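**Student:** Supplied in structure tokens, the structure appears directly below.
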Amino acid sequence: MKSDAPGTTVSRRQFASCAAAAAAGFLLTGCGPRRLHEMPPDRLKDALREMERRYAQQFGAAVTVSDEKALPGVEFAYALDLSRCVGCRRCVYACVEENNQSRDPQVQWIRVFQMDKGKGVDFSEADPYYAPPAVPEEGHFYVPVQCQQCRNAPCTKVCPTGATWTEPDGIVVVDYDWCIGCRYCMAACPYGARHFNWGKPAVPKDKLNTKTHVLGNRPRPQGVVEKCTFCIQRTRNGRYPACVEVCPVGARKFGNLLDPDSEIRYIIEHKRVLVLKEELNTLPKFFYFYAT
Amino acid sequence: MDTVRLFSQFVGGSIRQVLRGHALYWSWLAFLLVLIASGAAAYWRQVADGLIVTAMRDQVSWGFYIGNFTFLVGVAAAAVVLVVPAYVYDWKPIREIVIVGELLAVSAIVMCLLFVLVDIGRPDRFWHLLPPAGRLNFPDSILAWDVVVLNVYFLINFIVVTHIVYMAFTGRPYDKRVVVPLVLLSIPMAVSIHTVTAFLYNGLSARPYWNSSILAPQFLASAFCSGPAILLFVLQLMRRFTRFEIKDDAIWKIAELMAYAMFLNLFLHGAEAFKEYYSNTEHLLYTRYWFQGLGEHRAMVPFAWTAVTLNVTAFLLFIIPAARRNWITLNLGCAATYAGVYIDKGMGLIIPGLTPDALGEIYQYYPSMTELRVAAGVFAIGFLVFTLMLKVAVPIALNEFQLKPGPAVRHR
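Chains X and B are the protein sequences, given in the same order.
Residue numbers for the first sequence follow our numbering, so the first one is 1 and each next one is one higher.
Residue numbers for the second sequence follow our numbering, so the first one is 1001 and each next one is one higher.
In structure tokens, the structure reads:
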């Protein structure tokens, strides 16, 4: 697959002037490019405007890149009702569209596993590629898995450059401009929640979600890791993640763990709740429960 | 300035030294250059199209490159550990053996760093690891530790070997106050580069196959087989093609030490296999994938048993004194060791570690043509570096290429 986005071919002269400008900038600031969350506010603003300009050129549409910060007193958590999920995978596709995941090669942040009711939650017996004419299938249940937003996240600990970290509202994010693509985080993640851009990510121009967040659904470059961010571009503006909104059976619940009156707190306090691979002490903020 | 003049003569003399050689030498260089060109072409495509041209995917996110990296860290570590017996048993050409070991270590580290470089998705951002412009997540990330220890180890060996060779060139004795502490320091450093590399995998609770405390000792044991195996080949070749004198006893002693290391390696493997099979928990899956295959997924099984066979054969050949004193069986044993450990630590560590993946899916990984070509290119660069460095260092160590009192460079 050839890259044909405008602006990716650079003449020698452009390259020389860019290199000179970069070198000058490097010397003037004394530190050159920095990780997003370490940038002084005015430099970050410039960086965001530059991204918007670049994406607008690439996709031929007005794109906004926000850096909406975490709200104080908020820690997000998620709960998924295993007794309701029917395995329709609408969440998978809503996520792809909302978060500008690559269509070719395919990247999907949510994977749904079909499991045998007789065997319980056992991933070695699970089938992520089930394709019957209609779901749910008799004798089976479904376990969708995405980033578990661990409190004790193995992925952020192992990152050699500090390109991934946990935000104050508990969302584990990746700086796509700082990641070197070593994939150590993917080896460390017990939930297969991290995905690598093995090829150049392709999102059709008319399919781009133009409302983006710098740590979330903005278009990604080739060769870096990406993951579920609880739809950071939505949830920091008081909206539900796309997967919660689209779920036809209401199996997906989302809210603020620090708000005692939230739905998520009610579920955790009143339902039978479990987390995946509890023995690893990752302390997920993604809970599974049985409402019925 | 005298030093500048001396050094420029050293460099000029080295270049002339490298440019002289027999037909065999030139065909070897040509062969390496062909491999490098092919690797560079494959890598060029990989950079343009992305790692999608490899067989790695989200399920098996590390493969052949990282396997080779791990193996070569072992080679780099073991090359220098030979310094210990060289001192203890007072082998005659100790200085030469130390130099060869350190040159091998330097070349192996060059290959290690290149294998990491070709594996990462954004080689253009490599500098993100280098403070002050970049940021190294130290001490949290074991990969950050690995970056530190590998580079320190590289520097130590590079400094020692350059110093010894340069001083020999100028006809002065090397500075013991510099060399001895650095050589002694390089021994624990050798252990530490391999331990840290083992911890890189060992610390991941997500991967039960790696999350076993036997990993670091087993890494070291297997490294003490594979590193000396290469060194034995090199020492024999040097005996053949130069006036380098290496006593048979030294070679046999290395082979004997390899037998003990291989025993330890097999024992630790056995201990791990016992634990997995007898306790028979869900973590047995990965070991079964390697030795038996899971369902129709059996691509790794021939590799597993080839490695076992080679390792056991090597052990038997080296534990029998008559066999390690026979040049044919000695070299067979070396080849078996090298191949056995290479399979074990390349494919055998990485692939079953990631298969089935964290959520139980089996993705059958097998390196793509691009990966094989790039890897061959990296090996060729390493061998080229090693060959050229030996070409300069050996004549100097033999006093064949040296600065005479007076500025002229004496040639043989």
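Here a beta-carbon is modelled for each residue, glycine too, at the ideal position from N, C-alpha and C.
The structure displayed is predicted, hence computed values, not measured ones.
Please classify Asn1280 (chain B): is it buried, with 16 or more other beta-carbons within 10 angstroms of its beta-carbon, or exposed?
**Tutor:** Flag for Asn1280 (chain B) reads exposed.
**Student:** Candidates B:Asn1311, B:Ala1380 and B:Val1053: which alpha carbon is nearest Leu1035 (chain B)'s?
**Tutor:** Nearest of B:Asn1311, B:Ala1380 and B:Val1053 to Leu1035 (chain B), Cα basis: B:Ala1380.
**Student:** Check this for me: beta carbons of Trp109 (chain X) and Cys147 (chain X), under 9 angstroms apart or not?
**Tutor:** Yes, the Cβ-Cβ distance between Trp109 (chain X) and Cys147 (chain X) is below 9 angstroms.
**Student:** Taking C-alpha atoms, which residue in X:Phe230, X:Asp46 and X:Gly120 lies nearest to Leu82 (chain X)?
**Tutor:** Of X:Phe230, X:Asp46 and X:Gly120, the residue nearest in Cα terms is X:Gly120.
**Student:** Can you round the beta-carbon distance between Val1152 (chain B) and Phe1138 (chain B) to whole angstroms, since I take them to be within the 8 angstroms contact cut?
**Tutor:** Contact flag wrong, Cβ pair sits at about 13 angstroms.
**Student:** Return helix, strand or coil for Arg1412 (chain B), following the three-state DSSP convention.
**Tutor:** Per-residue confidence for Arg1412 (chain B) stands at a pLDDT of 39, beneath the threshold of 50, marking its modelled position as unreliable; no derived number is given.
**Student:** Quick check on DSSP: helix, strand or coil for Gln106 (chain X)?
**Tutor:** Residue state, collapsed to three classes: strand.
**Student:** Short check: CB of Gln233 (chain X) to CB of Ser66 (chain X), under 9 angstroms?
**Tutor:** Yes.
**Student:** Comparing C-alpha positions only, which one of X:Cys185, X:Val173, X:Gly238 and X:Gly162 sits nearest to Cys228 (chain X)?
**Tutor:** Of the listed residues, the one whose Cα sits closest to Cys228 (chain X) is X:Val173.
**Student:** With H, G and I counted as helix, E and B as strand and the rest as coil, what does DSSP make of Leu1294 (chain B)?
**Tutor:** Three-state result, Leu1294 (chain B): strand.
**Student:** Just mark Ser1014 (chain B) as buried or exposed, buried being the case when its beta carbon has 16 or more other beta carbons within 10 Å.
**Tutor:** Ser1014 (chain B) comes out buried.
**Student:** When you compare the segment 1103 to 1117 of chain B with the segment 213 to 227 of chain X, are there three or more beta-carbon pairs, one atom per stretch, that lie closer than 8 angstroms?
**Tutor:** Cβ pair count under 8 angstroms is below three, so no.
**Student:** Which of the three DSSP states, helix, strand or coil, is assigned to Ser1222 (chain B)?
**Tutor:** Correct three-state label for Ser1222 (chain B): helix.
**Student:** Do Ile1156 (chain B) and Ser1186 (chain B) count as a contact pair if the criterion is CB distance below 9 angstroms?
**Tutor:** In contact: Ser1186 (chain B) and Ile1156 (chain B) (Cβ atoms closer than 9 angstroms).
**Student:** Taking the straight line between their C-alpha atoms, what separation do you get for Phe1267 (chain B) and Ala1273 (chain B)?
**Tutor:** Distance between the alpha carbons of Phe1267 (chain B) and Ala1273 (chain B): 10 angstroms.
**Student:** Residues in the same chain with beta-carbon distance under 7 angstroms from Arg194 (chain X), minus the five sequence neighbours each way, listed in chain order, please.
**Tutor:** Within the same chain, Arg194 (chain X) has close Cβ partners Cys155, Cys185, Met186, Val225 and Lys227.
**Student:** Hey, how far is the Cα of Arg89 (chain X) from the Cα of Val112 (chain X)?
**Tutor:** If I take the Cα positions, the gap works out to 7 angstroms.
**Student:** Which residue marks the beginning of the beta strand (DSSP E) containing His1269 (chain B), and which one marks its end?
**Tutor:** That residue, His1269 (chain B), is in no beta strand (DSSP E); its alpha helix (DSSP H) goes Asp1248 to Ser1279.
**Student:** Comparing C-alpha positions only, which one of B:Phe1303, B:Ala1304 and B:Tyr1289 sits nearest to His1297 (chain B)?
**Tutor:** With distances taken between Cα atoms, His1297 (chain B) lies closest to B:Tyr1289.
**Student:** Give the residues of chain B in contact with Arg183 (chain X), contact being defined as C-beta atoms less than 7 angstroms apart.
**Tutor:** Those are Ser1061 and Trp1062, listed as they occur along chain B.
**Student:** Using C-beta distances below 6 angstroms, list every residue in its chain close to Gly30 (chain X), excluding the 5 sequence neighbours before and after it, in chain order.
**Tutor:** Any reading at Gly30 (chain X) needs caution, since the residue's pLDDT is 44, under 50, leaving its predicted position unreliable; the model's value is listed next. There are no such residues.
**Student:** State buried or exposed for Asp206 (chain X), treating a residue as buried only when at least 16 other CB atoms are found within 10 Å of its CB.
**Tutor:** Counting Cβ neighbours within 10 Å, Asp206 (chain X) comes out exposed, since fewer than 16 surround it.
**Student:** Taking Cβ positions only, does Met186 (chain X) come closer than 9 angstroms to chain B?
**Tutor:** Yes - at least one Cβ of chain B is within 9 angstroms of the one on Met186 (chain X).
**Student:** Shortest alpha-carbon distance to Ser262 (chain X) belongs to which of X:Pro105, X:Tyr78 and X:Phe59?
**Tutor:** Here the closest residue by C-alpha is X:Tyr78.
**Student:** Curious, which full-length beta strand (DSSP E) runs of at least 3 residues does the segment 1121 to 1181 of chain B contain?
**Tutor:** List check, beta strand (DSSP E) in window: nothing returned.
**Student:** Taking 9 angstroms as the threshold (beta carbon to beta carbon), is Phe123 (chain X) in contact with chain B?
**Tutor:** Yes - at least one Cβ of chain B is within 9 angstroms of the one on Phe123 (chain X).
**Student:** Excluding sequence positions up to five away, which residues of its chain have a Cβ less than 8 angstroms from the Cβ of Ile1251 (chain B)?
**Tutor:** Cβ within range, chain order: Leu1232, Leu1235, Gln1236 and Leu1330.
**Student:** What is the residue span of the alpha helix (DSSP H) that Arg49 (chain X) lies within?
**Tutor:** Counting along the chain, the alpha helix (DSSP H) containing Arg49 (chain X) begins and ends at Pro41 to Phe59.
**Student:** Looking at chain X, is there any beta carbon in it that lies within less than 9 angstroms of the beta carbon of Phe1291 (chain B)?
**Tutor:** Judged by the 9 angstroms Cβ criterion, Phe1291 (chain B) is not in contact with chain X.
**Student:** Once DSSP output is grouped into helix, strand and coil, what is the label at Ser66 (chain X)?
**Tutor:** The answer is strand: DSSP assigns Ser66 (chain X) an E or B state.
**Student:** Would you grab the beta carbon distance between Ala1223 (chain B) and Phe1318 (chain B) for me? Rounded to a whole angstrom, and I think it's under 8 angstroms.
**Tutor:** Contact doesn't hold; Cβ gap of about 16 angstroms is too wide.
**Student:** Using beta carbons (cut-off 9 angstroms, strictly below), is His1269 (chain B) in contact with chain X?
**Tutor:** His1269 (chain B) does not count as touching chain X.
**Student:** Would you say Lys271 (chain X) and Tyr290 (chain X) are within 9 angstroms of each other, going by their C-beta atoms?
**Tutor:** A contact, by the Cβ cut-off of 9 angstroms.
**Student:** Spatial neighbours of Leu71 (chain X) within its chain, please: C-beta separation below 8 angstroms, excluding the five flanking residues on both sides.
**Tutor:** So the qualifying residues of the chain are Asp169 and Arg236.
**Student:** Give me the subset of the segment 1359 to 1376 of chain B whose CB atoms are less than 7 angstroms from a CB atom of chain X, sorted by chain position.
**Tutor:** Taking 7 angstroms as the Cβ-Cβ cut-off against chain X, the residues of the segment 1359 to 1376 of chain B that qualify are Leu1359, Gly1360 and Glu1361.
**Student:** Look at the alpha carbon of Thr1306 (chain B) and the alpha carbon of Gly1074 (chain B), and state the distance between them as a whole number of angstroms.
**Tutor:** So the alpha carbons of these two residues sit roughly 20 angstroms apart.
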